[in-house]
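FYI, our numbering numbers position 115 of the sequence shown as 133, with every residue one higher than the one before it.
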Amino acid sequence: HRYKDYSSAFIILEQIDSANHYYNKLQKYLSDLKTDVGWANVASSDLEFAEYYLNRHDLAKAKASLAHATILAPKYLDEFVIGQLEYLKGKLAVELKNYPEAIDYLSKSEKVVKDGIPEVYNSHQKLFAEAYAATGKWQEAYKHLYIHATLNDSLQAEASKKNLADMEAKY
Numbered sequence: 019h020r021y022k023d024y025s026s027a028f029i030i031l032e033q034i035d036s037a038n039h040y041y042n043k044l045q046k047y048l049s050d051l052k053t054d055v056g057w058a059n060v061a062s063s064d065l066e067f068a069e070y071y072l073n074r075h076d077l078a079k080a081k082a083s084l085a086h087a088t089i090l091a092p093k094y095l096d097e098f099v100i101g102q103l104e105y106l107k108g109k110l111a112v113e114l115k116n117y118p119e120a121i122d123y124l125s126k127s128e129k130v131v132k133d134g135i136p137e138v139y140n141s142h143q144k145l146f147a148e149a150y151a152a153t154g155k156w157q158e159a160y161k162h163l164y165i166h167a168t169l170n171d172s173l174q175a176e177a178s179k180k181n182l183a184d185m186e187a188k189y
């Protein structure tokens, strides 16, 4: 867990070489143990790397990270993390303009993403709308764009309330 946490911390700090160092140490450690325990941490790290690379539009590295997580997923990941994997695959497919594939991945991940973090679900709906619009399915695109807009308004209103509360507390 420590190697995974170090890797995660360095990804957040955008020190990708250090993140890779601990990711590689994690893989070596688990390989030396010759056990199945801990490989979910490797797959979770793969997802973190994929998201990092997607946000920087380094699609080749994102694709490689997702491919590795996909190999590990059936044996080591639970339903929630598999949903995150499918969401990231959908996000990559949108970036690659492979919209039918994106719709498939986003459909598989919708239940898990909806029950998770609202900001991720908001992004999910926007990606869905983009993919459906690109395939000419305007009714579906509108439906998901409406959900995105409504949720986005709600998230912004909540952020404004928090900002006001923080300012009141400060002053």
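Cβ atoms here follow ideal geometry from the backbone N, Cα and C, with glycine treated the same way. Fair warning: this is a prediction, and the values are worked out from it, not measured in the lab.
task: Note the first and the last residue of the continuous alpha helix (DSSP H) segment covering Tyr71.
output: As a working note, residue 71 is residue 53 in the sequence shown. Counting along the chain, the alpha helix (DSSP H) containing Tyr71 begins and ends at Trp57 to Asn73.
query: What are the start and end residues of the alpha helix (DSSP H) that includes Gly108?
result: Counting from 1 along the sequence shown, the entry for residue 108 is found at position 90. Unbroken alpha helix (DSSP H) run through Gly108: Glu97 to Glu113.
message: Assuming Tyr41 and Ser63 are in contact, meaning their beta carbons sit under 8 Å apart, how far apart are those beta carbons, in whole angstroms?
response: For the purposes of this step, residue 41 is taken as residue 23 along the sequence shown, with counting starting at 1. For the purposes of this step, residue 63 is taken as residue 45 along the sequence shown, with counting starting at 1. Right, their Cβ atoms sit about 5 Å apart.
- prompt: Where does the unbroken alpha helix (DSSP H) through Asn116 begin, and where does it stop?
  reply: Position 98 of the sequence shown holds residue 116. Premise fails: Asn116 is in no alpha helix (DSSP H) and is neither H nor E.
- prompt: Could you check where the alpha helix (DSSP H) with Leu48 kicks off and where it finishes?
  reply: Reading the sequence shown from its first residue, position 30 is the one you call residue 48. Ile34 to Leu51 is the span of the alpha helix (DSSP H), which, as asked, contains Leu48.
field: Beta-carbon gap between Leu114 and Leu77 smaller than 9 Å
entry: By one-based count along the sequence shown, residue 114 stands at place 96. By one-based count along the sequence shown, residue 77 stands at place 59. Yes, these two residues count as a Cβ contact at 9 Å.
- prompt: Around the Cβ of Phe67, are there at least 16 other Cβ atoms within 10 angstroms (buried) or fewer (exposed)?
  reply: If you number the sequence shown from 1, residue 67 lands on position 49. With 16 or more Cβ atoms within 10 Å of its Cβ, Phe67 is classed as buried.
field: Thr168 - DSSP class collapsed to helix/strand/coil
entry: Indexing the sequence shown from 1 puts residue 168 at position 150. Thr168: helix per DSSP, three-state reduction.
Reference Thr153; option with closest CA among Asp96, Ala177, Gly134 and Asn116: Counting from one through the sequence shown, the residue named residue 153 turns up at place 135. By alpha-carbon distance to Thr153, the top candidate from Asp96, Ala177, Gly134 and Asn116 is Asn116.
field: Cα-Cα separation between Val109 and Lys52, rounded to whole angstroms
entry: The residue labelled residue 109 in the question sits at position 91 within the sequence shown. The residue labelled residue 52 in the question sits at position 34 within the sequence shown. Before going further, note that residue 109 is Lys rather than Val in the sequence given. Whole-angstrom Cα-Cα distance: 34 Å.
message: Taking the straight line between their C-alpha atoms, what separation do you get for Lys126 and Ala82?
response: On the sequence shown, position 108 is the one that residue 126 refers to. On the sequence shown, position 64 is the one that residue 82 refers to. Put simply, the backbone Cα of Lys126 is about 20 Å away from that of Ala82.
message: Suppose you measure from the CA of Asp54 to the CA of Ser172; what does that come to, to the nearest Å?
response: Translated into positions along the sequence shown, residue 54 becomes position 36. Translated into positions along the sequence shown, residue 172 becomes position 154. Going from the Cα of Asp54 to the Cα of Ser172 covers about 42 Å.
query: Straight-line CA distance for His86 to Tyr47?
result: Sequence index remark: in the sequence shown, residue 86 carries index 68 (1-based). Sequence index remark: in the sequence shown, residue 47 carries index 29 (1-based). Their Cα atoms are separated by approximately 17 Å.
message: Can you check which of these residues, Tyr123, Val112, Gly56 and Tyr70, is closest to Lys93 by C-alpha distance?
response: Start at 1 with the first residue of the sequence shown, and residue 93 comes out as number 75. Looking at the Cα atoms, Gly56 is the closest of the given residues.
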